[in-house]
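In what follows, a structure is listed as structure tokens, so that the remarks can point back to it.
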Amino acid sequence: NPLYYEGSLVDVTERKQAEDKLRRANAALETAHAELQEMFAHEQILARTDGMTGLINRRHFFELATREFNASLRYQRPLTIILFDVDGFKQVNDTFGHSMGDAILVQIAQVALQQIRNVDILARYGGDEFIILLPETNAQQAFQIAERTRECVASTGAGMKNSPFSVTLSLGVAEVCLSPQDTSVEDAIRRADQALYAAKAKGNNCTVIHDRHK
């Protein structure tokens, strides 16, 4: 009977079963590893992304902006910030509800994306504020981009058909100072914020370039 021979069919069968079991275990481990990698990648995207607009969020913006700022200073290349928000946005939320306000922000994000290059960085800065970082771009060039964005939003109502109100933006522009050097990208953002307030003071729906000599 071959079952009693050394190296018999029993040994071969057991070895084959063990090998099959090991292959199945390895396949299960590979599948679990792939699922974990996919989950980790998804979590990483969520950590960098604004959930409502799909733009990068404030934290990730600063990571990218700091890198571009350092490169700008090192190579003495222009770098400009555009900071903008929606005029009278609180009144929109109070009158028509947050769902309408959220829809407007999503549409504005899409309009702004259409006005910039792939190398430019657009982020939701917070609330109804957005920020754009434009490498290799001076303030006058950024002003043209800001104006295109403003005009497109004003003419389309931010994509809201039959909107019961007009949607407009106020925008502030500030270029990174290379001489004397800014100490961080936050310096340029503060100046862009001052320009944004100046645009509000002028009556909204306009773009102002910060004049650091004033």
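Residue numbers (the working numbering): 5 to 218. Using N, Cα and C, we set each Cβ at its ideal position, and we do this for glycine too.
Asked: Residue closest to N209, alpha-carbon to alpha-carbon, out of A150, A196, L182; Found: A150
Asked: Stretch-stretch touch, CB-based, cutoff 8 Å, three pairs: the segment 60 to 76 with the segment 122 to 140; Found: yes
Asked: F147 versus V115 - alpha carbon distance; Found: 16 Å
Asked: DSSP state of F66 mapped onto helix, strand, coil; Found: helix
Asked: Residue span of the beta strand (DSSP E) that contains D89, given as start and end; Found: 83 to 90
Asked: DSSP three-state assignment for R121, whether helix, strand or coil; Found: coil
Asked: Touch test, the segment 168 to 187 against the segment 119 to 130, Cβ-Cβ under 8 Å, three pairs minimum; Found: no
Asked: Span of the alpha helix (DSSP H), counted from its first residue to its last, around I149; Found: 143 to 160
Asked: Buried versus exposed call for E34 [16 or more other C-beta atoms within 10 Å across all chains shown]; Found: exposed
Asked: C-alpha distance - I112 paired with P82, whole-angstrom precision; Found: 26 Å
Asked: Where F100 sits in the DSSP three-state scheme; Found: helix
Asked: G176 burial status per 10 Å Cβ neighbour count (16 or more: buried); Found: buried
Asked: Cβ-based burial, P6 [other Cβ within 10 Å; buried from 16]; Found: Caution is warranted here: a pLDDT of 48 is assigned to P6, below 50, making its placement in the model unreliable, and the coordinate value is therefore given only provisionally. So P6 ends up on the exposed side.
Asked: L126 and L200 closer than 7 Å at C-beta; Found: no
Asked: Continuous beta strand (DSSP E) stretch holding I213: start and end; Found: 211 to 213
Asked: Whole-angstrom distance between A29 and N61, CA atom to CA atom; Found: 40 Å
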